[in-house]
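Protein chains in written order, with this note's numbering: chain H, 1 to 561; chain G, 562 to 837.
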Amino acid sequence: MSDELAAARAKRVAEMQNLPFDGQAYKRLVEAGLTWLRTNQQTVNALNVFPVPDGDTGTNMVLTMQSAYNEIKDLGHHKVSDMAAGVAQGALMGARGNSGVILSQIWRGVARGLEGEEVLTGANLAKAFADARDTAYKGVVRPVEGTILTVTKDIAIAAEAALEETDEPITILEKLVAAADASVEYTPELLPVLKQAGVVDSGGMGLYLILEGMLRYIYGEPLDTPTMTVQPMAALEFEEAMDSVEEGQDWEVVVDFYPENELELKPFYDALEEMGTSIQVGEGDGMYRMHIHVPLENRYLPIDYIMGLGTITNIAMENLLAQMDELNKNSEKDRLELTNIEPGEIAIVTVSPGPGISRIFASLGVAAIVEGGQTMNPSTQELLAAFENLPTDKVIILPNNKNIILAAQAAKEVTVKEVHVVPSRTVPQGLAAMLMHNPEGDTEKVAAKMIKSLDDVRTGEVTTATRTVEIDGVNVETGQVIALLDGKLVLAATTVEEACLSLLKKANIEDYELITMFVGADYARSEANRVADIVQEKYPDQEVEMQDGGQPHYQLIIAIE
Amino acid sequence: MKIRLVTDSTADIPADLLTKHKIEVVPALLIIDGESYADGEGITREEFYARMPTMQAPATTAAPSVGSFMERYEKLLSAGAEKVLSIHAASTLSGIFNAARLAAENFGERVQVFDSKQLSLGCGFQVLSAAEAIAKGTAIGEITHLLENLQKKLKLVAVLDTLEFLRRSGRVSWTKARLGSFLNLKPLIELVDGRVENLGAVRTTRLANIRILEMLREVGNLEELVILHTNAEERARQFLANFTSNLPAPPRVINVTTAIGAHLGPNGVGFAAVRK
């Protein structure tokens with residue numbers, strides 16, 4: 001750090017130290033934590049153990065923090081305890097994914113530790129993190145070390161130790177951030193899957209970024225410049241960009257290229273911003289992918305520009321308005337017929353990753369469907385909203401994803417309705433459970449039957465690897481097709497066909513009767529048909545059934561029964 | 562007092578027991594591609610199920626005529642019976658009971674019609690139990706009381722190979738509401754108090770067998786048991802092989818009457834049991 005910068009920082013800290021750390025200051029700290037986390041969201045998302053498009057921790061934590069901040073942003077309270085209670089409430093309602101739920105538990109603990117306090121002090125900050133640690137550990141059935149829990153614990157220990165030297169909150173916060181940083185770096189030593197994947201724990205990283213953001217605010221450092229501007233290729237979300245098609249910017253251009261020299265990001269972005277909107281840039285194994293929305297007359301500009309930077313390997317150009325029409329038409333077609341629930345009946349709320357799967361769940365009598373799955377974990381609030389207005393007090397939730405189970409359980413905690421969570425980890429498990437549903441039965445017994453049925457089916461998943469990694473003894477390269485069996489990575493292959501056949505072999509398919517393939521949104525139906533034919537030919541004794549799943553990222557979800 | 566028993570062909574009582582207890586059977590009617598057959602006559606159960614997939618229109622059923630019941634009652638009474646007890650398939654699911662009831666009105670107190678609220682051996686066990694009571698000289702009022710008690714101890718469940726036939730029969734309301742048309746489902750059903758209830762569904766025969774076996778074990782100590790199937794004898798025996806009971810003899814395996822099978826479809830298995 002230059003002397004100049006250090007002096008500026010010291011001056012700013014001295015100013016801050018003169019201000020009371022009251023409720024309003026707490027609000028600004030939370031906002032700073034949220035902003036810094038959002039700025040680095042993709043970095044956290046990229047810390048995925050499995051090379052699959054999975055419940056993105058960064059996105060989940062940002063949405064959880066956003067909900068926490070929304071709860072307090074208009075509050076005028078001056079007591080820090082009131083503001084902390086608001087953050088806890090907002091985080092709880094907005095919690096998404098496992099990391100979001102644990103984060104909400106942390107804020108709940110912090111609020112508990114700050115109860116009755118007017119301003120933040122070193123002592124109550126330490127107590128707040130001690131309580132946060134206790135609440136977070138209690139919020140998880142089987143705590144695992146090397147995760148956000150460990151980071152929370154290390155923060156609590158550091159805060160307590162720091163108290164022996166000072167009671168000054170900023171100094172203590174500095175120690176907390178340093179402890180969080182060290183703790184995150186150490187997570188791979190505690191959790192072998194992290195070490196194997198060559199990443200640190202994403203949830204812990206998210207927590208560290210929130211605290212670091214608070215400190216950066218105190219230091220007066222910018223919060224909107226990310227530490228990494230280029231996203232990993234898999235993090236690009238072009239479809240989300242469809243939601244924001246601006247007037248006139250109705251052509252989408254995607255260019256893949258290898259830059260001749262190292263790409264200088266600042267001038268690259270500046271040039272693109274001159275041409276259009278919705279700019280996203282991704283990188284993987286040296287190849288860059290640029291995405292932009294431009295007006296009709298500008299549609300060749302980005303191509304000409306990039307041609308001057310390196311070698312273009314692929315160009316895609318599409319008329320967004322035509323695409324939007326298509327999307328609208330599809331959503332019209334996909335209108336669901338949900339079951340009307342009578343008072344006293346059991347309502348099933350299910351999470352579905354795709355329109356085809358939603359349709360099947362609807363046909364089996366679910367009362368409400370929450371969209372979500374691998375890449376988009378619905379929040380506690382969204383699950384709650386799905387059943388709060390149903391005319392019954394009896395509810396069973398099927399999360400159908402391991403990252404949504406905790407949010408479902410959190411929804412159960414905050415409602416007066418009788419809610420049971422049947423912890424289905426996959427769509428086939430959710431469907432198997434659904435077959436045992438009896439709307440007029442005793443809720444507890446029905447839930448027990450449904451839980452028992454989860455083991456009636458095995459789940460295969462076929463997707464494209466988003467990273468190069470070695471997991472569970474399987475070597476995977478970015479772009480390869482990989483297969484998971486009951487959530488465990490079992491193989492990597494070059495084609496979906498090969499992955500599918502090897503997967504079925506690994507599952508000892510001869511011992512089963514029925515193979516149901518749910519075809520993903522990005523996988524051509526004709527291609528799926530071809531693979532299904534090959535499977536049927538190879539296994540004539542098994543019945544092969546194909547269903548339109550419509551799920552993103554996963555070419556095939558396979559139920560093996 | 563001499564009491565004679567009448568039932569209908571849907572009770573599925575084996576021929577040897579009918580003879581033994583002198584039980585009269587009025588056949589239900591089966592209509593296949595426009596032609597009408599008396600249940601159990603003109604076409605065998607095996608033939609019927611074998612033809613099922615190729616029938617131009619789905620087979621339908623009809624209750625025997627009021628006249629055929631009147632003839633039967635007349636015959637028994639003129640042959641010396643003092644009373645006739647006529648026990649039939651659930652009135653909620655079939656018109657047989659009503660035809661018998663209308664016929665009985667012509668005979669006053671002499672003919673009494675009883676609603677078994679069951680099907681197949683669920684009704685059959687009641688008829689056989691009545692026969693035993695008659696043999697012991699039990700009064701008719703007492704017998705109907707006995708049968709009402711027996712109904713509480715009966716369990717009749719089945720897993721069908723497909724929902725298709727039941728859906729088409731229009732006899733249950735839940736087929737559309739719950740077990741929608743996207744997945745091929747094998748529904749689990751139970752007959753309770755004259756209603757076909759849905760106990761869920763499975764998607765494979767392996768699981769179907771497991772579920773039926775679980776339900777059979779849940780019955781507990783058995784007084785009576787028959788294994789029922791709709792032309793799936795091999796499967797029924799397979800499933801029976803995994804079951805040991807407290808019963809002195811192995812249970813009979815019965816191919817369900819076509820009049821019921823027409824509404825269930827082939828390749829279903831189940832059981833009718835009486836709890837001790």
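Beta carbons: idealized from backbone N, C-alpha and C, even for Gly.
>> Threshold first: 4 residues or longer. Then list the alpha helix (DSSP H) segments lying entirely within the region 503–560 of chain H, N to C.
In response: Taking only runs of at least 4 residues, the alpha helix (DSSP H) segments lying wholly in the region 503–560 of chain H are 525–538.
> Cβ of Leu717/G less than 9 angstroms from any chain H Cβ?
Replying inline: Counting from 1 along the second sequence, the entry for residue 717/G is found at position 156. Chain H contact via Cβ: absent.
> From Leu63/H to Pro540/H, what distance separates their C-alpha atoms?
Replying inline: What you label residue 63/H is simply residue 63 of the first sequence in a count that begins at 1. What you label residue 540/H is simply residue 540 of the first sequence in a count that begins at 1. Taking C-alpha positions only, Leu63/H is separated from Pro540/H by approximately 48 angstroms.
> Is DSSP giving Glu189/H helix, strand or coil here?
Replying inline: For the purposes of this step, residue 189/H is taken as the residue at position 189 of the first sequence. If DSSP states are grouped into helix, strand and coil, Glu189/H belongs with the helices.
> Below 8 angstroms, can you find three or more Cβ-Cβ pairs linking the region 605–615 of chain G to the region 630–639 of chain G?
Replying inline: Of all C-beta pairs linking the region 605–615 of chain G to the region 630–639 of chain G, fewer than three are shorter than 8 angstroms, placing the two stretches out of contact.
> Going by beta carbon distance, what residues of the same chain come within less than 6 angstroms of Leu591/H, once the five residues before and after it are set aside?
Replying inline: Examination of residue 591/H is not possible in this model, given that chain H is present from 1 through 561 alone.
> What does a CB cutoff of less than 7 angstroms around Leu390/H pick up in its chain, not counting 5 residues either side in sequence?
Replying inline: Locating residue 390/H in the first sequence gives position 390, where the first residue counts as 1. Around Leu390/H: Ile341, Ala347, Ala367 and Ala368.
> For Thr187/H, which option in Glu165/H, Glu212/H, Val200/H and Gln381/H has the closest C-alpha, if you only look at C-alpha atoms?
Replying inline: Along the first sequence, read from residue 1 onward, the residue named residue 187/H stands at position 187. That would be Val200/H, whose Cα lies nearest to the Cα of Thr187/H.
> Around the Cβ of Asn759/G, are there at least 16 other Cβ atoms within 10 angstroms (buried) or fewer (exposed)?
Replying inline: The sequence position of residue 759/G within the second sequence is 198, counting from 1. Buried: at least 16 other Cβ atoms inside 10 Å.
> Taking the C-alpha atoms as reference points, what is the distance between Val835/G and Ile592/G?
Replying inline: Sequence index remark: in the second sequence, residue 835/G carries index 274 (1-based). Sequence index remark: in the second sequence, residue 592/G carries index 31 (1-based). Straight through space, the alpha carbons of Ile592/G and Val835/G are spaced by roughly 32 angstroms.
> Just to confirm, are Ser677/G and His649/G a CB contact at a threshold of 9 angstroms?
Replying inline: Numbered from its first residue, the second sequence carries residue 677/G at position 116. Numbered from its first residue, the second sequence carries residue 649/G at position 88. A contact, by the Cβ cut-off of 9 angstroms.
>> Determine whether the beta carbon atoms of Gly831/G and Thr723/G lie at a separation below 9 angstroms.
In response: For this step, residue 831/G is matched to residue 270 along the second sequence. For this step, residue 723/G is matched to residue 162 along the second sequence. Going by C-beta atoms, Gly831/G is not nearer than 9 angstroms to Thr723/G.
>> To be precise: take each residue of the region 336–361 of chain H, compare its Cβ to all Cβ atoms of chain G, and keep it if any distance is under 8 angstroms. Which residues remain?
In response: Per Cβ criterion, the list reads Thr339, Arg359 and Ile360.
> In whole angstroms, what is the alpha-carbon distance linking Leu777/G and Lys713/G?
Replying inline: Sequence index remark: in the second sequence, residue 777/G carries index 216 (1-based). Sequence index remark: in the second sequence, residue 713/G carries index 152 (1-based). A direct Cα-Cα distance of roughly 16 angstroms separates Leu777/G from Lys713/G.
>> For a contact defined as C-beta to C-beta under 8 angstroms, what are the partners of Asn438/H on chain G?
In response: Residue 438/H sits at position 438 when you count from the first residue of the first sequence. Asn759, Leu760 and Gly761, listed in chain order.
> Any Cβ of chain H within less than 9 angstroms of the Cβ of Leu637/G?
Replying inline: Reading the second sequence from its first residue, position 76 is the one you call residue 637/G. It does not; no Cβ of chain H falls within 9 angstroms.
> DSSP state of Asn314/H, grouped into three classes?
Replying inline: Within the first sequence, numbered from 1, the residue matching residue 314/H stands at position 314. In this structure, Asn314/H counts as strand in the three-state DSSP scheme.
> Ser363/H CB to nearest chain B CB: under 9 angstroms?
Replying inline: Note that chain B does not occur in the displayed structure, where the protein chains are H and G.
> Leaving out five residues before and five after Asn803/G in sequence, what residues of the same chain have Cβ atoms less than 7 angstroms from its Cβ?
Replying inline: Stepping through the second sequence from its first residue, residue 803/G is reached at position 242. These residues qualify, in order along the chain: Leu774.
> Count the other CB atoms within 10 Å of the CB of Gly373/H; is the residue buried (16 or more) or exposed (fewer)?
Replying inline: Walking along the first sequence from the start, residue 373/H turns up at place 373. Taking all protein chains shown into account, Gly373/H has 16 or more neighbouring C-beta atoms within 10 Å of its C-beta and is therefore buried.
> Around the Cβ of Arg525/H, are there at least 16 other Cβ atoms within 10 angstroms (buried) or fewer (exposed)?
Replying inline: As a working note, residue 525/H is residue 525 in the first sequence. Residue environment for Arg525/H: exposed (fewer than 16 other C-beta atoms within 10 angstroms of its C-beta).
> Ends of the beta strand (DSSP E) at Ile77/H?
Replying inline: Within the first sequence, the letter at position 77 stands for residue 77/H. The identity of residue 77/H in the sequence shown is His, whereas the question assumes Ile. Counting along the chain, His77/H falls outside any beta strand (DSSP E), and DSSP gives it neither H nor E.
>> I'd like to confirm the pairing. Which residues does DSSP put opposite Phe257/H in its beta bridges?
In response: In the first sequence, the residue the question calls residue 257/H occupies position 257. Within the DSSP secondary-structure output, Phe257/H pairs in a beta bridge with Tyr288/H and Ile312/H.
>> With DSSP as the reference, identify every bridge partner of Val281/H, one or two as the case may be.
In response: Here the question's residue 281/H lines up with position 281 in the first sequence. Met290/H, per the DSSP bridge assignment.
> CA-CA distance, Val474/H and Ser502/H?
Replying inline: Numbered from its first residue, the first sequence carries residue 474/H at position 474. Numbered from its first residue, the first sequence carries residue 502/H at position 502. Here the C-alpha atom of Val474/H lies approximately 13 angstroms from the C-alpha atom of Ser502/H.
>> Which of the three DSSP states is assigned to Met228/H in this structure?
In response: Indexing the first sequence from 1 puts residue 228/H at position 228. With a pLDDT of only 46 at Met228/H, under the threshold of 50, the placement of this residue in the model should not be trusted; the figure read from the coordinates follows. Note: Met228/H maps to coil in three-state DSSP.
> So does the region 177–186 of chain H actually touch the region 440–453 of chain H, counting three or more Cβ pairs closer than 8 angstroms?
Replying inline: No, because fewer than three Cβ pairs between the region 177–186 of chain H and the region 440–453 of chain H fall closer than 8 angstroms, the two stretches do not touch.
>> Below 8 angstroms on C-beta distance, what does Leu514/H contact in chain G?
In response: What you label residue 514/H is simply residue 514 of the first sequence in a count that begins at 1. Residues of chain G whose Cβ lies closer than 8 angstroms to the Cβ of Leu514/H are, in chain order, Arg764 and Thr765.
> Is Ile701/G helix, strand or coil by DSSP?
Replying inline: To locate residue 701/G, count along the second sequence from 1; it is residue 140. Of the three classes helix, strand and coil, the one that applies to Ile701/G here is helix, per DSSP.
>> Measuring straight from C-alpha to C-alpha, what distance separates Asn403/H and Ala624/G?
In response: As a position in the first sequence, residue 403/H is number 403, starting the count at 1. As a position in the second sequence, residue 624/G is number 63, starting the count at 1. Computed Cα separation, rounded: 56 angstroms.
>> DSSP three-state label for His437/H, please.
In response: For the purposes of this step, residue 437/H is taken as residue 437 along the first sequence, with counting starting at 1. For His437/H, the secondary structure class from DSSP, reduced to helix, strand or coil, is coil.
> So, helix, strand or coil for Arg813/G, using DSSP?
Replying inline: The count along the second sequence starts at 1 and reaches residue 813/G at position 252. Strand at Arg813/G.
>> Going by DSSP in three states, Gly887/G sits in which element: helix, strand or coil?
In response: Since the first and last residues shown for chain G are 562 and 837, residue 887/G lies out of range.
>> For a minimum of 4 consecutive residues, which ranges assigned as the alpha helix (DSSP H) are wholly contained in the region 456–511 of chain H?
In response: If we require 4 residues or more, the alpha helix (DSSP H) runs fully inside the region 456–511 of chain H come out as 496–506.
>> Tell me the residue span of the beta strand (DSSP E) that contains Leu749/G.
In response: Counting from 1 along the second sequence, the entry for residue 749/G is found at position 188. For Leu749/G, the enclosing beta strand (DSSP E) starts and ends at Lys747 to Val753.
> According to the neighbour-count rule (16 or more other Cβ atoms, all chains shown, within 10 Å of its Cβ), is Asp270/H buried or exposed?
Replying inline: On the first sequence, residue 270/H is found 270 positions in, with the first residue counted as 1. Counting C-beta atoms within 10 angstroms of its own C-beta, Asp270/H has fewer than 16 neighbours from the protein chains shown and is therefore classed as exposed.
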